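Asker: Here the sequence shown is numbered in this note's numbering, starting from 199 and rising by one per residue.
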Amino acid sequence: MVSGKRIALAPIEMKILRFLFEKQGQIGTREQLIEGVWPDPHAVESRTVDVHIGRLRRAFAGLRNLRIRTAYGAGYALDTTIVLPMS
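1. Between which two residues does the beta strand (DSSP E) holding residue 266 run?
2. Using CA atoms only, rank isn't needed, just tell me which of 263, 240 and 227 is closest to residue 286.
3. In angstroms with no decimal places, state the Cα-to-Cα distance between residue 249 and residue 203.
4. Alpha carbon to alpha carbon, what distance is there between residue 232 and residue 239?
5. On the three-state DSSP scale, how would you describe residue 278?
And the structure:
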């Protein structure tokens, strides 16, 4: 639940989101995301990250307090005022 809205995420998308939260405001490259999120990073292509980022953006569309920013040529960063509970 975020801002009273139930958000359904795939397990890998939750891992990406947690990774971005842990590095909040910092740019994470596709390679850093792959190494930090996927169990077998060698089996993942860098564009796969883009697909999952797109799904996260759609899931959080309309929430003003969470934004995944693209740093063109570098990677992604999370801009947010949300605090995730630790699991």
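Built from N, CA and C at the ideal position, the CB exists for glycine as well.
Since this is a predicted model, take the numbers as computed values, not measurements.
Answerer: According to the structure data:
1. Position 68 of the sequence shown holds residue 266. Taken as a continuous stretch (DSSP letters only), the beta strand (DSSP E) holding residue 266 covers 264 to 269.
2. Residue coverage of the chain in this structure runs from 199 to 285, which leaves residue 286 outside it and unanswerable.
3. On the sequence shown, position 51 is the one that residue 249 refers to. On the sequence shown, position 5 is the one that residue 203 refers to. So the two alpha carbons sit approximately 22 Å from each other.
4. For this step, residue 239 is matched to residue 41 along the sequence shown. For this step, residue 232 is matched to residue 34 along the sequence shown. Roughly 6 Å between the two C-alpha positions.
5. The sequence position of residue 278 within the sequence shown is 80, counting from 1. Three-state DSSP puts residue 278 in a strand.
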